[in-house]
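The next block holds one structure in the form of structure tokens; read it before the comments.
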Amino acid sequence: MAGAQGSVRASRTFRNDDAELRPLSEWFQAFAKESGISESRALDFELCLNELVTNVIHYAYSDRGRHEIRVSLEHDDDRVRATIEDDGRPFNPLEKEPPSIPGSLDEAGIGGWGIPIVRAFTDELSYERENGRNRLTFVFRRDSRPE
Numbered sequence: 012m013a014g015a016q017g018s019v020r021a022s023r024t025f026r027n028d029d030a031e032l033r034p035l036s037e038w039f040q041a042f043a044k045e046s047g048i049s050e051s052r053a054l055d056f057e058l059c060l061n062e063l064v065t066n067v068i069h070y071a072y073s074d075r076g077r078h079e080i081r082v083s084l085e086h087d088d089d090r091v092r093a094t095i096e097d098d099g100r101p102f103n104p105l106e107k108e109p110p111s112i113p114g115s116l117d118e119a120g121i122g123g124w125g126i127p128i129v130r131a132f133t134d135e136l137s138y139e140r141e142n143g144r145n146r147l148t149f150v151f152r153r154d155s156r157p158e
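In the working numbering, the protein residues as written are 12 to 158.
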């Protein structure tokens with residue numbers, strides 16, 4: 012997992028299956044521990060990672076076939092970064108309108124809150140479509156949130 016000049020990098024491919032969410036979490040937790048990411052910071056980051064991969068699993072594919080989701084992680088002195096790549100239909104989740112804030116929890120529907128949650132936790136969030144693949148990247152800067 013180690014990279015040059017104090018950075019830690021890792022990549023892994025997961026199937027488009029909910030059963031992959033546990034291995035994804037375990038893999039990320041090992042990465043966080045090796046990288047020295049604080050527990051509270053790791054929990055926030057993992058929430059975003061799981062939400063985004065879950066969205067790919069549930070919404071990226073029009074068929075029921077097997078697809079691969081590539082997750083790359085990088086941690087250095089200044090930031091933690093994740094890139095999620097898939098071969099699903101083109102979809103930029105950053106263009107999606109956030110749901111309106113309900114008057115009460117009873118009025119809040121299930122679904123549609125993942126991207127707003129990710130936006131609230133991350134310092135950078137970007138999307139690009141290249142060579143038939145969606146690539147979503149998010150970053151937590153070390154100095155922007157208390158550990």
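For each residue, glycine too, the CB sits at the ideal point set by N, CA and C.
Here the alpha carbons of L35 and H69 stand approximately 16 Å from one another.
In the three-state reduction of the DSSP assignment, T148 falls in the strand class, which pools E and B.
Going by DSSP, E85 is part of the beta strand (DSSP E) stretching over 79-86. Less than 8 Å separates the beta-carbon of R77 from that of R26.
Under the Cβ criterion (8 Å, minimum of three pairs), the region 134-150 counts as touching the region 51-71.
Judged by DSSP secondary structure, F25 falls within the beta strand (DSSP E) whose first and last residues are 19-26.
Within its own chain, the residues whose Cβ lies closer than 7 Å to the Cβ of R130, once the five positions on either side in sequence are excluded, are L136, listed in chain order. In the DSSP secondary-structure assignment, R140 is bridged to N145. CA-CA distance, H86 to A21, rounds to 9 Å.
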